[in-house]
Amino acid sequence: MSANPVAVALAVAGGFGLVASTGALVLPARIRVLATGGSAAASGTAGAAAGALALSGRTYAAHLPNLLPLGGVYLRVDALAGVFLAVTGAVFAVAAVYGIGYFRGHGSNRAVQAVWPLFALSLLLVPVAASVSTLLYAWELMALTSLLLVCAGGGEQARSAGLWYAVMTHLGLVALLAGLVWLAAAAHTETFAGIAAASGSISPAVKGAVFVLVLAGFGSKAGMVPLHAWLPRAHPEAPSPVSAVMSAAMVNLGVYGLVRVGFGLLHGGSRWWWLTALLLGALSAVYGIIQAAVETDLKRLLAYSTVENLGLILLAVGAAGILSDSGQPVLAALALAAGLLHVATHAAFKTLLFLGAGSVLHATGTRDLDELGGLRTRMPVTTGLFALGALGAAALPGGAGFPSEWLLLQSLIHARVISGAAALVMLPVAVGAIALSAGLAVATFVKALGTGFLAKPRSARAEHAHEASGPMLAGLGIAAVACLALALVPGTSAPALARAVNAAGLYVGGLPEYADRLTAIGSTLSPLLVVAVVVLLVLAIKALLKITARAPRRAAPLWDCGAPPLTARMEYTATSFAEPLQRVFDDVIAPESDLDVTQHDESEYLVARVAYSRAVPDRIEHRLYLPVVHTVRRAGRMATHVANGSVHRYLGYGFCAVIVLLVVLAAAR
Amino acid sequence: MNELDITARTMTVSVVQVLVVLLGSPLLVGLMRFVRARMEGRVGAGVLQPWRDTVKLLRKHRLDPEGTGPAFRTAPVLGVAVGAVAAGAIPLMATGTAFGTGADMIAVIGLLALASAALALAGLDTATAFGGMGASREMTIAALAEPTILMAVFALSARVGSTNLPAIVAAGAAGASRLASPASLLAAVALAVVVLAECGRLPVDNPATHLELTMVHEAMVLEYSGPDLALVELGAAMRLTVLLGLWSSLFVPFGIATGTGLGVLLLGLLVFAAKTAVLGCVLAAGEVFMAKLRLFRVPELLAGSFLLGVLAVAASFFLD
Chain A
7 MSANPVAVAL AVAGGFGLVA STGALVLPAR IRVLATGGSA AASGTAGAAA
57 GALALSGRTY AAHLPNLLPL GGVYLRVDAL AGVFLAVTGA VFAVAAVYGI
107 GYFRGHGSNR AVQAVWPLFA LSLLLVPVAA SVSTLLYAWE LMALTSLLLV
157 CAGGGEQARS AGLWYAVMTH LGLVALLAGL VWLAAAAHTE TFAGIAAASG
207 SISPAVKGAV FVLVLAGFGS KAGMVPLHAW LPRAHPEAPS PVSAVMSAAM
257 VNLGVYGLVR VGFGLLHGGS RWWWLTALLL GALSAVYGII QAAVETDLKR
307 LLAYSTVENL GLILLAVGAA GILSDSGQPV LAALALAAGL LHVATHAAFK
357 TLLFLGAGSV LHATGTRDLD ELGGLRTRMP VTTGLFALGA LGAAALPGGA
407 GFPSEWLLLQ SLIHARVISG AAALVMLPVA VGAIALSAGL AVATFVKALG
457 TGFLAKPRSA RAEHAHEASG PMLAGLGIAA VACLALALVP GTSAPALARA
507 VNAAGLYVGG LPEYADRLTA IGSTLSPLLV VAVVVLLVLA IKALLKITAR
557 APRRAAPLWD CGAPPLTARM EYTATSFAEP LQRVFDDVIA PESDLDVTQH
607 DESEYLVARV AYSRAVPDRI EHRLYLPVVH TVRRAGRMAT HVANGSVHRY
657 LGYGFCAVIV LLVVLAAAR
Chain B
2 MNELDITART MTVSVVQVLV VLLGSPLLVG LMRFVRARME GRVGAGVLQP
52 WRDTVKLLRK HRLDPEGTGP AFRTAPVLGV AVGAVAAGAI PLMATGTAFG
102 TGADMIAVIG LLALASAALA LAGLDTATAF GGMGASREMT IAALAEPTIL
152 MAVFALSARV GSTNLPAIVA AGAAGASRLA SPASLLAAVA LAVVVLAECG
202 RLPVDNPATH LELTMVHEAM VLEYSGPDLA LVELGAAMRL TVLLGLWSSL
252 FVPFGIATGT GLGVLLLGLL VFAAKTAVLG CVLAAGEVFM AKLRLFRVPE
302 LLAGSFLLGV LAVAASFFLD
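Okay, structure coming up:
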């Protein structure tokens with residue numbers, strides 16, 4: 007009997023990952039970075055290969071009873087898991103190649119290099135898990151390893167981000183634990199296969215409660231508003247290759263969990279579940295991109311863009327649920343396929359963007375867009391590749407994000423066939439959210455590219471930037487190739503997507519017929535043709551101008567209004583670029599500005615100094631989280647009166663407790 | 002008729018449309034300036050003046066303002082290329098265009114957005130306050146105008162079940178009753194407002210101003226000169242023509258050739274030219290009686306039209 011290729015690939019991924027982690031601990035500094043990065047890249051490639059095999063139709067299932075106490079480990083790989091395995095593995099491999107250059111230069115931190123392959127392995131383990139306990143083990147492993155990486159940077163900001171992340175990820179875990187254990191108890195089994203078989207007999211009320219808990223748990227991992235507060239804090243603090251893995255791969259697993267439990271285990275359920283998911287997805291998309299539009303920290307901007315994109319994916323999943331509930335399985339499958347395609351495209355361009363931002367941070371030591379600028383002359387390759395990623399994030403034709411958002415709109419166009427007033431009101435709102443986030447994404451990424459990379463340097467650090475090293479550029483290059491492939495020939499992914507949607511348990515019809523439908527709809531968009539024609543026309547016009555020109559191009563001074571010289575202080579910064587947008591969305595983001603005027607000692611009419619500061623805090627965080635934090639803190643302070651450290655008092659408490667217990671027991675008899 | 006023949010016909014239609022838009026769009030701008038001048042009591046330049054300007058600019062030296070890079074040099078060319086692709090894909094004179102099933106509405110809108118994003122990047126690339134100011138304002142307006150266009154086209158596509166432009170226009174041409182539906186009317190108003198914003202016309206932007214407090218598009222392209230400026234102007238004129246043509250094809254699709262006969266195609270061409278000229282004159286006449294909105298009142302106008310777009314989508318779900 008020959009071994010299952012998926013199992014072999016997974017074993018290779020695990021082996022190389024452990025080698026990378028051990029190597030980081032024991033190898034001497036000279037070869038550590040190269041050896042660790044190399045084996046991490048091999049591990050990621052093997053993981054991606056396992057995903058690709060699963061997407062081509064192979065499956066794998068195993069039960070390892072002795073690996074963990076209480077039931078052992080159940081593993082199962084199908085095409086749905088394959089999507090997430092392939093994406094995670096590919097992002098891991100690219101980030102590992104990039105990491106060889108990134109970790110070599112500065113902060114060759116042994117602990118970070120030892121932990122991050124383990125983090126990536128835990129990401130590969132989540133979609134493979136096939137029982138409640140296995141999934142929760144993998145989930146917690148992922149949370150702990152990523153928490154270590156977020157805190158690794160040190161400093162006040164990283165500490166605060168780590169605290170937020172630790173609390174929120176564990177609240178999410180509690181919600182998941184409660185939901186999944188409840189589900190397992192109701193189904194009398196903890197394997198996914200068993201729950202899926204038994205879920206027909208579970209009462210709808212229990213299923214609804216389980217769904218709400220699971221939506222909160224998985225949604226918080228996917229950055230769903232209002233549970234997103236940790237994401238723009240934690241993602242930027244980790245080292246850049248880890249940020250890329252977190253933002254392009256880890257958040258996806260929230261979507262995976264929701265699809266697996268919602269469609270695979272609970273078989274769709276009621277309409278209000280998916281209406282909730284759709285609305286929260288739409289809210290996340292719009293809120294995320296508005297915050298990104300006014301953000302000036304490059305990595306935080308990218309993190310908010312992750313909130314937006316995951317919101318769009320959640321919206322697609324919600325739409326799939328509603329359409330499935332309305333008896334439109336083909337349309338539902340189309341919406342889910344759009345969501346899964348967006349998982350892949352978002353991973354491609356977000357990896358590229360985060361790694362590009364990492365190169366900028368590496369070269370200049372700052373992520374503040376207001377201080378950057380002018381990187382195009384010093385870092386031409388990074389600028390070009392970042393531009394490609396920005397094109398994808400702005401969802402313009404030629405960019406990676408365009409085909410998936412287009413496919414999502416295609417599935418919603420047919421949504422008028424569904425019944426029910428609530429859904430018919432919600433769907434235009436969803437379409438509006440997609441449109442609004444697409445429009446704002448263009449402005450956001452014009453800002454990121456235009457003020458960060460073009461124009462003139464606005465600080466000495468930006469002026470002395472240097473191009474990234476070979477391995478870093480190689481990592482960026484691979485991500486860019488993936489972006490181009492997804493942008494230009496998205497149709498090739500149709501059979502794989504069809505298998506994944508089928509494995510999600512949403513569509514129970516003939517596979518070939520459905521794959522044909524997806525290919526047919528996909529073929530009405532030909533991005534390759536459109537992009538090719540535009541590129542050809544651009545080249546033709548340029549050539550024509552060159553031929554007809556009388557003289558070569560000549561440099562000329564800029565218009566300085568007759569008052570030279572023009573300095574970098576006169577440039578538009580990221581803050582000033584976003585100012586009109588900030589005014590437009592004043593009511594949503596509620597920016598805080600502070601004007602401090604100091605008068606002269608002699609006269610109050612003479613101004614000595616004017617200090618102006620402006621901050622755009624996350625409003626949901628301010629209004630929703632801080633009151634809770636303050637209440638908890640106040641409760642804690644009040645509790646110090648009760649527990650003031652006096653041993654006599656504690657003995658008194660113990661005595662009282664025993665008395666009360668005895669009374670209760672006596673009364674209960 | 003065999004397949005090769007149809008391909009040849011649609012190819013011809015697209016090439017003719019591109020040529021007509023390329024050659025005719027400066028004439029449209031000239032016509033609008035002429036009408037406006039006459040109504041304001043001025044003599045005004047002739048209709049051919051934009052072409053004379055273009056030829057003059059094309060003969061000049063090509064200048065690179067100090068410190069600008071590839072983004073600055075590519076944006077004008079991209080604007081013209083995108084205008085040409087849009088002119089080739091949108092059914093302006095006949096429903097069959099060369100891109101066939103690839104003539105997707107969302108893709109065309111995305112391409113137009115790509116061109117304005119490229120020009121905004123070029124404005125930022127100059128590193129002057131003017132360029133940055135224009136880019137910032139232009140992107141703010143585009144960020145709100147884009148969604149409205151998407152909503153308007155979505156309302157029309159929901160009825161047809163496809164975002165394919167020829168299919169939508171053919172469906173509109175087949176039944177006049179569809180055009181009078183609430184969804185269609187709401188979408189028409191929403192799209193009309195956005196076309197004004199996208200083309201930088203009053204009341205959103207004044208194409209004739211060079212006052213730094215008010216200018217949007219002109220500030221962004223302040224550093225362009227010579228042939229580059231000619232391309233910027235040509236791209237803007239093509240964008241105006243294409244968007245007016247799109248509006249008329251969607252909401253007044255009468256006279257668009259659905260067949261492939263030579264006579265029908267010629268008629269379609271004439272009707273397209275006449276419709277666009279009439280729309281241009283109406284626009285110019287309207288501008289005479291209108292003042293420019295304050296910049297920070299523009300978002301309110303656009304938010305209103307976005308709301309109309311949402312209502313149009315809702316109506317297309319409920320009422321058709």
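Sequence order for the protein chains is A and B. Going by my numbering, the first sequence opens with residue 7, and the numbers climb by one from there. Going by my numbering, the second sequence opens with residue 2, and the numbers climb by one from there. Just so you know, even glycine gets a beta-carbon here, dropped at the ideal spot from N, CA and C. If you're wondering where the values come from, they're calculated on a predicted model, not measured in any experiment.
Shown in chain order are the members of the stretch 560 to 583 of chain A whose Cβ falls below 9 angstroms from a Cβ of chain B: ARG560, ALA561, ALA562, PRO563, LEU564, TRP565, ASP566, CYS567, LEU572, ALA574, MET576, GLU577, TYR578, THR579, SER582 and PHE583. The alpha-carbon separation between SER609/A and SER619/A amounts to approximately 25 angstroms.
A direct Cα-Cα distance of roughly 25 angstroms separates ALA46/A from LEU237/A. If you look at GLN605/A, you'll find it in the beta strand (DSSP E) that goes 598 to 605. Judged by their CB atoms, LEU397/A and GLY362/A are not nearer to each other than the 8 angstroms cut-off.
Check the Cα spacing between ALA474/A and each of MET432/A, ALA538/A, THR370/A and LEU179/A: the tightest is with THR370/A. For PRO242/A, the closest alpha carbon among the candidates LEU337/A, GLY364/A, PRO563/A and ALA672/A is that of GLY364/A. ASP624/A is a Cβ neighbour of GLN297/A, given a cutoff of 8 angstroms. At least one C-beta of chain B is nearer than 8 angstroms to the C-beta of LEU460/A.
Here ARG37/B is actually not in contact with ALA292/B; their C-beta atoms are around 14 angstroms apart, not less than 8 angstroms. Per the Cβ contact rule, the stretch 162 to 171 of chain B is not in contact with the stretch 212 to 219 of chain B (fewer than 3 Cβ pairs under 8 angstroms).
For the stretch 128 to 146 of chain B, the beta-carbon criterion of a distance under 8 angstroms to any beta-carbon of chain A is satisfied by ALA128, THR129, ALA130, PHE131, GLY132, GLY133, MET134, ALA136, SER137, ARG138, MET140, THR141, ALA143, ALA144, LEU145 and ALA146. Under the rule that a run must span 4 or more residues, the alpha helix (DSSP H) segments found entirely inside the stretch 116 to 165 of chain B read 130 to 161. THR75/B has a beta carbon lying within less than 8 angstroms of a beta carbon in chain A. For ASP303/A, there is no enclosing alpha helix (DSSP H), as DSSP marks it with neither H nor E. About 35 angstroms separates the Cβ atoms of ALA99/B and LEU460/A, ruling out a contact at the 8 angstroms cut-off. When Cβ-Cβ separations below 8 angstroms define contact, HIS241/A makes no contact with chain B. Here ALA474/A carries a coil assignment [DSSP, helix/strand/coil]. Of all residues in the stretch 435 to 457 of chain A, those with a C-beta nearer than 7 angstroms to a C-beta of chain B are VAL437, GLY438, ALA441, LEU442, ALA444, GLY445, LEU446, VAL448, ALA449, VAL452, LEU455, GLY456 and THR457, reading in chain order. The DSSP-derived three-state label of HIS69/A is strand. Close partners of PHE408/A in chain B (Cβ separation under 7 angstroms): GLY111. Interface flag for HIS218/B against chain A is unset, since no Cβ pair is found closer than 8 angstroms. From the beta-carbon of ALA87/B, no residue of chain A is found nearer than 7 angstroms; the closest lies around 10 angstroms away.
According to the DSSP assignment, VAL18/A belongs to the alpha helix (DSSP H) that extends over 11 to 32.
Residue pairing for THR75/B: DSSP places it in no beta bridge. Rounded to whole angstroms, the gap between the alpha carbons of ALA485/A and GLY77/A is 40 angstroms. At least one CB atom of chain B sits nearer than 8 angstroms to the CB of TRP412/A. Secondary structure of LEU81/A (DSSP, three-state): strand. Annotated three-state conformation of VAL616/A is strand, per DSSP. Taking CB atoms only, ILE553/A has no neighbour in chain B less than 8 angstroms away.
Uninterrupted alpha helix (DSSP H) stretches at least 4 residues long and entirely within the stretch 345 to 376 of chain A do not occur. The beta-carbon separation of SER425/A and ALA325/A, rounded to 15 angstroms, does not stay under the 8 angstroms limit for a contact. The Cβ neighbour count for ASN72/A, taken over all protein chains shown within 10 Å, is under 16; the residue is labelled exposed. Interface flag for HIS420/A against chain B is set, since a Cβ pair is found closer than 8 angstroms.
Distance from LEU219/A to ALA193/A at the Cβ level is roughly 15 angstroms; contact not present, criterion being Cβ atoms closer than 8 angstroms. The alpha carbon of ARG110/A has as its nearest neighbour, out of ARG239/A, ALA87/A, TYR80/A and PRO245/A, the alpha carbon of PRO245/A.
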